[in-house]
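Counting from 2, one number per residue, gives the positions in the sequence shown under my numbering. Just so it is clear, CB atoms sit at the ideal spot from N, CA and C, and this is done for glycine as well. Because the structure is a prediction, the values reported are computed rather than measured. Below: the structure, in structure tokens.
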Amino acid sequence: MHFARISNNIENHSPQPLVNVAKRSPLLLLSFALTTLLRYVFFLAVVRILSLELYGVLAVAESILMILGFTVSASFPWAVTRFTTLGESITIRPGLLGNFAVGALACAFFFIAYQLEILRLDQDSSYKTIVLMIMATVTLLSLSNIFQGYLLGTFRFGSVAFLRIGGAIAQLAVGLTLVMLGAGAEGALAGYISAAFVSLFIGLWVSKGVLRKTGPWINLQFTYFALTLMIGILGIHFIINVDQLAVKMFSPASSANVLSANYKAARLICTLPLYVITSLIGALFPISAEYSSDPEQLGIYVRKMLKYVFAFILPTYIALIVVPKEILSLIFPSEYTTASQALSILSPGVFLLILVAMFTAVLQGSGNPRKPALLLGAAIVIQSILLYILVPKYDIVGASMATSISSGLALVGLVIYYPRNFGLTLHWMNASRILCASLLMVIAIYIFPMTNLILVVTGISFGYLVFLVTLILSRYFDSQDKRLFLFIIERLAQVSGVNPKYFVPPFRQSR
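Structure representation (structure tokens):
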């Protein structure tokens with residue numbers, strides 16, 4: 002009964018997009034949190050087993066894999082999601098064929114670039130094995146991502162959660178076991194292959210029969226739309242991964258692997274919120290497609306998303322900017338603290354990239370993929386030029402500068418374009434509340450003594466608490482926000498099997 006009262010109240014007092022995401026996305030959010038946790042456990046365990054040199058090799062390989070992997074998740078899977086959401090189920094076969102072709106083409110270009118030494122990687126036998134393992138992973142991902150896109154388009158978030166968690170468990174189990182047995186970077190990459198294989202198997206299983214119900218293998222309209230999506234979605238992940246590759250390519254050979262390892266540590270920390278927020282963006286794309294004909298409703302949903310990102314994600318980046326060295330020492334061995342300056346510069350850029358990802362998902366999901374594709378394409382060109390200039394002079398600090406500058410320019414372009422489509426306006430009162438809370442958090446962290454690891458955790462938590470309390474006292478959250486929070490807590494409690502009455506107060510319907 003208690004859950005029913007909250008459900009009815011949400012239905013009666015909230016915009017329809019918020020109702021839909023509140024019903025559909027908590028399980029997806031929980032799965033992303035668990036998946037991210039498992040993968041970060043994997044990386045933090047590996048960093049303490051591998052030497053600094055080997056971890057640098059893994060960092061470079063992982064960045065290449067991310068860039069190639071996103072070529073097969075940046076176009077056809079999202080196109081399948083959108084067309085499926087709109088009720089067109091004929092896109093599974095052309096999606097599989099097109100994505101496999103894109104993956105094969107990306108792998109071919111990568112292999113040629115490696116063989117011709119366009120990519121300045123080592124030519125020893127270990128790197129040759131790594132190259133083949135990367136190509137195998139991308140091939141499997143090109144197929145599994147299509148099934149994931151189909152499941153998202155049908156709002157089967159439970160199946161998506163099962164698929165993602167299964168892959169993360171496989172990566173942790175296989176990869177960490179092989180690394181512990183002495184397989185090095187190759188063992189860690191075997192975890193990626195296992196994750197891709199398990200994801201494909203689960204995708205085939207939960208989508209069984211869908212291939213028999215779909216149409217032809219070639220659909221030109223669908224293919225054209227998918228290819229226009231590629232630059233936009235791939236652009237975000239290219240920006241956040243190519244800097245790692247640039248550190249390897251443009252640094253002196255004697256220190257390239259060590260610098261790569263240090264920069265990977267900085268990236269690993271500051272991209273964690275980016276991967277967490279991907280869960281919301283994963284729900285945002287099909288919602289955008291569903292409400293593409295109603296910009297007013299979609300605009301309400303996006304404004305709420307932005308409001309929550311500033312409330313719950315921004316404090317993390319404030320801490321990373323203010324006390325980067327302390328946070329690095331909290332997570333990594335002492336030799337990685339040399340990345341603190343790069344972390345403080347990279348963090349604002351990644352936060353801006355989160356906003357870029359949100360706007361891009363909305364525009365593409367609502368059928369406007371060209372503008373973000375052009376803007377992100379320009380940002381990639383600028384970032385590449387800056388990396389070429391700055392990395393040889395300032396090593397990992399230069400890489401972080403290039404990424405932050407290009408992210409900022411991409412956001413400026415999207416913000417200029419976005420309001421004309423969805424009526425996004427700056428709420429000055431909320432902006433002043435965020436600014437006040439941010440300043441108080443910075444002061445709180447600065448005055449808090451951080452002489453050991455326990456005090457570091459306590460100080461950052463204290464700063465985060467100051468930020469949230471300031472927002473609450475200044476009435477940043479309205480009654481609609483409170484109802485939505487209670488509803489989501491109820492849903493998460495149901496998913497986790499916990500009786501929500503133990504931590505959610507009885508809800509009274511407002512008059």
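Query, Result
"Collapsed DSSP secondary structure at Trp79 in the structure displayed", "helix"
"Beta-carbon spacing of Ala525, Tyr477 below 8 Å", "The structure shown has nothing for residue 525, since the chain only spans 2 to 512."
"Counted within 10 angstroms of its Cβ, other Cβ atoms place Trp79 as buried (16 or more) or exposed", "buried"
"Endpoints, the alpha helix (DSSP H) within which Ile219 is located", "First-last for Ile219: undefined, no H or E at that position."
"Close beta carbons around Cys437, own chain, < 8 Å, minus the five adjacent residues each side", "Thr471, Ser475"
"Burial state of Ala432 (16 or more Cβ within 10 Å)", "exposed"
"Val22, DSSP secondary structure in three states", "Its pLDDT being 49, under 50, Val22 is placed unreliably in this model, and the value from its coordinates should be taken loosely. Three-state result, Val22: helix."
"Validate contact between the region 317 to 336 and the region 265 to 272 using beta carbons, cut 8 Å, 3 pairs", "yes"
"CA-to-CA distance, Met134 to Leu179, given in whole angstroms", "14 Å"
"Cβ pair count under 8 Å reaching 3, the region 344 to 351 against the region 402 to 412", "yes"
"Gly183 classed as buried or exposed, judged by whether at least 16 other C-beta atoms fall within 10 angstroms", "exposed"
"Residue nearest to Leu375 in terms of C-alpha spacing, selected from Leu354, Ala362, Leu415", "Leu415"
"Status (buried if at least 16 other CB within 10 Å, exposed otherwise) for Tyr115", "buried"
"Cβ separation of Met359 and Asn242, assumed to be a contact under 8 Å, to the nearest whole Å", "Not confirmed; about 19 Å, so no contact."
"Residues near Ala538 by beta carbon distance below 7 Å, same chain, minus five either side", "Only positions 2 to 512 of the chain appear in this structure, which leaves residue 538 out of reach."
"Three-state secondary structure assigned by DSSP to Ile119", "coil"
"Ser200 burial status per 10 Å Cβ neighbour count (16 or more: buried)", "buried"
"Residues near Tyr465 in its chain [Cβ-Cβ closer than 6 Å; skip 5 each side]", "Pro316"
"Cβ distance (whole Å) where Ser401 is taken to contact Ile319 below 8 Å", "Not quite, the Cβ-Cβ distance comes to about 17 Å (not below 8 Å), so this is no contact."
"Proximity below 8 Å, CB of Leu144 to CB of Ile194", "no"
"Spatial neighbours of Leu274 in its chain, beta-carbon cut-off 6 Å, leaving aside the 5 residues before and after", "For clarity, residue 274 is Pro in the given sequence; the question names Leu instead. Contacts found: Ile314, Thr317."
"Other residues of its chain near Leu391: CB distance less than 6 Å, five sequence neighbours each side excluded", "Gly399, Met402, Ala403"
"Nearest-angstrom Cα separation, counted from Thr86 out to Thr155", "6 Å"
"Local Cβ density within 10 Å of Lys434, reported as buried at 16 or more and exposed below that", "According to the sequence provided, residue 434 is Arg. The question's Lys does not apply to it. Buried: at least 16 other Cβ atoms inside 10 Å."
"Inter-residue spacing [alpha-carbon to alpha-carbon] between Leu260 and Phe333", "15 Å"
"Contacts around Leu353, its chain only, beta-carbon distance under 7 Å, and the 5 residues preceding and following it disregarded", "Ser408, Gly409, Leu412"
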